[in-house]
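Those protein sequence lines, which keep their order, are chains A and B.
For what it's worth, my numbering labels the leading residue of the first sequence as 238, then goes sequentially.
For what it's worth, my numbering labels the leading residue of the second sequence as 12, then goes sequentially.
Just below is one structure, and these are the notes that go with it.
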Amino acid sequence: MSSTVARKIDWISILIYVALVLFGWVNIYSASVPLEEINHFNFNTEYGKQLIFIGLSFLLILFILAIEAKFYERFASIIYLVSIVTLLGLFVFGKNINGARAWYSIGSFTIQPAEFAKIATSLAFAKFLSDIQTNITHWQDQLKTMLIIGIPALLILLQPDPGSTLVYSVFIFVMYREELPGIYIIILLSVAILFIATIKFGTTITLVALAVLLIAYYFIAKRSPRRKAKILPLILFFMCSSVLSAGTPFVYHKVFKQHHRDRFVLWLRLEQDPVKVKQLKRDIGYNTYQSETAIALGGLTGKGFLEGTRTRGHYVPEQHTDYIFSAIGEEWGFVGTSAVVILFTILILRLIYLAERQKGQFSRVYGYCVAAILTIHFMVNIGMVIGLLPTIGIPLPFFSYGGSGLWSYTILLFIFLKLDANRINEWM
Amino acid sequence: MRRVFLSAFVIFIALIMLSRLLYLQLLDEEISYSFLDDNAIDAKYHYPERGYIYDRKGKLIVSNAPAYDIMVIPRKVTKLDTLEFCQLLDITQEEFEHKMQKAITYSPRLPSVIVQQLSKKEYAAIQEKMRKYPGFYVQKRMLREYQTKSGANVLGYISEVNEWEAGNKKGYQQGELIGRSGVEKVYENELRGKKGVNYIQKDIYNRVMGPFKNGRYDTLPTPGKDLKITIDKELEAYGEQLMVNKRGGIVAIEPKTGEILALVSAPYYDPALLVGRKRSKNYNKLALDTIAKPLYDRGLLAEYPPGSPFKLINGLIALEEGVINEKTKVTCYHGYHYGRNGFMACHCPSGTVNNLKSGITRSCNAYFSNAYRKIIEKYPTPAEGMQVWSDYVKSFGLGNYLHNDLATGKRGYIPDSSFYNRSYGRNRWFATNTISNAIGQGEVLTTPIQLANVAAIIANRGFYYTPHIIKEIDNQPITDENFTKPKYTNIAPENYEKIIEGMFEVYNNSEIGTARRTRIAGINIGGKTGTAENFAIIEGKRYQLKDHSIFIAFAPIENPQIVVAVFVENGYWGSTYAAPIASLMIEKFIRGEISRTDLEKRMLNSSLQDEYDKALNPEQLSDKKE
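Here's what the structure looks like:
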């Protein structure tokens, strides 16, 4: 068996995976090694533990690849149930770290079930969609799908871990691929864009701009011979948007808390007074400010391994976990950061390509889930570290310190690679 | 569409990230890439020892001595017997609490000063007990140490840079020292050397992590250069002794080089007062003494009408212009009549007939008024004559800065035709309007060092080197052409001989010489006494004070080694104080010892304090000339 797997498995993905994991470890080392320990290795530090996690994840990979491919599809429901139970169990046995009951603690070892819930949800989601009786264009099935995603998402939100909850929103991309009506995507994007635009520019400007766009669209669509331009849906759309846009200030000021608003203020550059902006940056945006500074100081080629003054001096909080990308930025410069961005992009594109070539719907849907989950982590984490998105605490897959994270992304990825390696045998 | 949506989305995200990174890492100007601006890097400076200062004979004047600051890192302070510790440091408990509070406010993790600049002696007593007080330690630094008690005004002092300088002066930072006056100020760059730097990497808590890049950018300090100055340490000290209880200045110059041998300003103070723990207290005391003004360098800054010594210059100009010769005789009628009703008094008995030599010896006002008038009236208009006269006088280095290497100085004033045109109107004045210039009164103003330079010109018979104070820098003799090239006056050397004959008589004519009582056997001195009128305005009323006593001299006449200008405030006749002091200075310099101990004793014991106190009690002053 193993020889077949070795022959059929997608080595490009594996190479990129190994490159990301090892490069990640190099930066965790730099961000966590104390000066006096540079010449002798200590397994009690973060970089030491991460090396053990990496070693164990290679074992995990062998284990995953050894299991029969059909196992994942057949046991998807059971895995999903177990995962829900572990999430529920957190409310009783969970350990509170940094204000979230998100960990099980066994001795000095902690494990974060939310990371593994992504895999279980993906499997269950894929299994449900690939069921011959499921028709995603029907609202009953749409509702059931929402339940499959919504239950773990809700449990995680209650921990509370809003960052991990956000990850579950990506399933809509997968559903869209599997023939979910496009209107959902349009609604989702419209709501997000309207909300942000209203905060930034105010209701009036936003609605005027929207009206201009819609009128322009109408006249362009009218000329097109293939499509019939209908005016009624556009008016309906505009009315809904007006209500939403008008309601936004209420949500922003009454529902959001001050610290949420501060993040928006920083992110959308709402404050004009430079003194106050500086104050906010030092205060609310302290992490982002420090990580941006560290990245900027890297310049083109970076300061070199173990030469980053910000990284070595622990200027960026949580640098070995969520902010690991800033260590890359400082020590490896634009060359390093762009390499990581490009590697991630290639890996995700490769996974989408692999997913598209699957014959079975389960494998394809699951592959899409993997690609989508990696995409949102990639986007939100790096976006936050380089100051494009507000602070949302989710790790950078394969890079950030932590056993649960590394293992869950490894399992997530390699289940798909196993499925992919098995694609010819699917009919047997 | 559905198949490529996620792919397109990922590529879109990646492109946005790359452009953001491109901006952040390559284009953002706000964040500098220089490691010097990186606040994770701390520059630790090592200060070189400031250069020593030696006198012209190679005797050490200024060196350095270690001083010890008691420092504290508040976080490391554990149990502490405050009372005992305060006794040890010799400070009050309130002071200690105050300092500690300041230190904690500044930073609990970084060192602050608790007690500044303990001397070696004070430190020795504390040293071995320091280990009992965790969190406190001793930091050594170098302070100036003086091997002399005199010449404070020449040497100057140093102090920490102020906030403005730390921010704006290149190469200076908070806590560094800078020369404030005298040699310390002028030769700051040479004495200071170049500090060395170690770049140290710090973590977020400001704790040192180690050298940045293994010290690749570190530099070693370059020690300051030693200076040899032209001052004669002993002569300087002797000059100060002679000026005890008097106010005024002495300037001694070596005429053949322009080197300043002594530059005394009285009242004087011990330079050590401006070093160490008591510095600012002492400085305030000196700076706030607005009556005696010890910080005011009278040798360089006091602008006064020069009085009779100025007659020498008028004599020289008259000779050069050919309006008189050494045989020209003028009869003095106990004064000089000019114009319709003008009269300038003179102390010569009425009917005295003076030639040039006796005119100088007697310091006859009539003789030089006549000579001056002839100079001006030689030309068609007084304005032209005045311009010629003014140009001659200015060639003696008067009326302008000397452009030398002293930290301070004044221009003095020499009037020219435009000055009188302004005050009287064009062509509405005559030689007689300006007749006071003949005897060095009126509009003419000079400083003692300028007068000393005039004496040097006469001693050299027509040229001078700009008086300067630097002799060698780092054992290399100076090469600055401003100090090593002679500057010539517009007057022929033979005319100087005629004037010098008169100056010789001032000492050696036993009947009429104004300084005949202070001659030194075996040394031929040429000199000229002077008095300068001065006034004080007290509560709006003008009082005449006792004249300033002025004297210039050079010796020996055949081969001049020293010129001296002495000026004693309110010392009355030039012969009372200034002439004896000048002759003692000359003897001290040439012979190294004093034979006329009675004269010396009189100078050392005399005091003008009563005279000075009168200015504080105006009722004791007459409002007319005494």
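We put the CB at the ideal spot given by N, CA and C, even for glycine.
Short CB-CB distance (under 9 Å) between residue i and chain B
i      : result
S359/A : no
I589/A : yes
A564/A : no
A212/A : Chain A is shown from 238 up to 665; residue 212/A falls before or after that span and cannot be answered.
Y638/A : no
M616/A : yes
T374/A : no
E352/A : no
F651/A : no
M665/A : For M665/A, the predicted model reports a pLDDT of 44, less than 50, meaning its position is unreliable and no value from the coordinates is stated.
L517/A : no
Y605/A : yes
T612/A : yes
CB contact check: residue i to chain A, cutoff 9 Å
i      : result
A25/B  : yes
S434/B : no
L121/B : no
D39/B  : yes
S18/B  : yes
A54/B  : no
V262/B : no
Paired residues, beta bridge with residue i - DSSP
i      : result
F474/B : Y499/B
M355/B : Y347/B
F565/B : G537/B and V574/B
S276/B : G260/B
L71/B  : Y65/B
I648/A : DSSP, once it has assigned bridges, lists no residue as partnering I648/A.
Classification of residue i by the beta-carbon crowding that lies within 10 angstroms, buried from 16 upward
i      : result
M238/A : Confidence at M238/A is low in this model, with a pLDDT of 48, below 50, so its placement is unreliable and the value that follows should be read with caution. Per the 10 Å Cβ criterion, exposed.
S606/B : exposed
E195/B : buried
M616/A : buried
D8/B   : For chain B, the structure presents residues 12 to 637; residue 8/B sits outside this window and is missing.
W504/A : buried
E604/B : exposed
K635/B : For K635/B, the predicted model reports a pLDDT of 46, less than 50, meaning its position is unreliable; a value from the coordinates is still stated below. When all chains shown are included, K635/B counts as exposed.
T374/A : exposed
I573/B : buried
N295/B : exposed
D510/A : exposed
E637/B : Low confidence applies to E637/B: its pLDDT is 38, below 50, so where it sits in the model is not reliable enough to give any reading.
D237/B : buried
Y63/B  : buried
G611/B : A quick correction: the sequence has Glu, not Gly, at residue 611/B. That one is buried.
Closest residue to residue i among the options (Cα-Cα distance)
i      : options                           : result
F308/A : I348/A, A361/A and I343/A         : A361/A
A483/A : K467/A, I629/A and T435/A         : T435/A
I447/B : S319/B, P391/B and V465/B         : Position check: residue 447/B holds Ser in this sequence, whereas Ile was assumed. It is S319/B.
N256/B : G362/B, T457/B, D621/B and E508/B : D621/B
R638/B : R142/B, I169/B, N164/B and G146/B : Not covered by the structure: residue 638/B. The range shown for chain B is 12 to 637.
E201/B : N486/B, V149/B, G269/B and A377/B : N486/B
A377/B : Y435/B, V341/B and V399/B         : V341/B
Q379/A : I251/A, Y523/A, G570/A and Y421/A : Y421/A
D609/B : I468/B, E270/B and T529/B         : T529/B
I240/B : A356/B, Y198/B, P222/B and N209/B : Y198/B
T538/A : L33/B, S521/B, L327/B and Q631/B  : L33/B
L71/B  : Y344/B, T159/B and G190/B         : T159/B
N9/B   : G408/B, T490/B and S560/B         : Residue 9/B cannot be examined here, being either before or after the span of chain B that is shown, 12 to 637.
E593/A : F493/A, I388/A, Q349/A and R414/A : R414/A
Neighbour flag for residue i against chain C, beta carbons, 9 Å
i      : result
R311/A : Looking at the structure shown, chain C is missing, and the protein chains on hand are A and B.
* To do: Give the residues from the region 191-215 of chain B that approach chain A closer than 9 Å (Cβ to any Cβ), ordered along the chain.
  => Q212, K213, D214 and I215
* Contact list for the region 528-553 of chain A against chain B, Cβ threshold 8 Å -> E529, T530, I532, A533, L534, G535, G536, L537, E544, T546, R547, R549, G550, H551 and Y552
* Against chain A: residues of the region 272-305 of chain B by CB proximity under 8 Å -> none
* To do: Mind checking the region 565-582 of chain A against chain B and listing, in chain order, the residues whose C-beta falls within less than 8 Å of any C-beta there?
  => G566, G570, F571, T574, S575, V578, I579, F581 and T582
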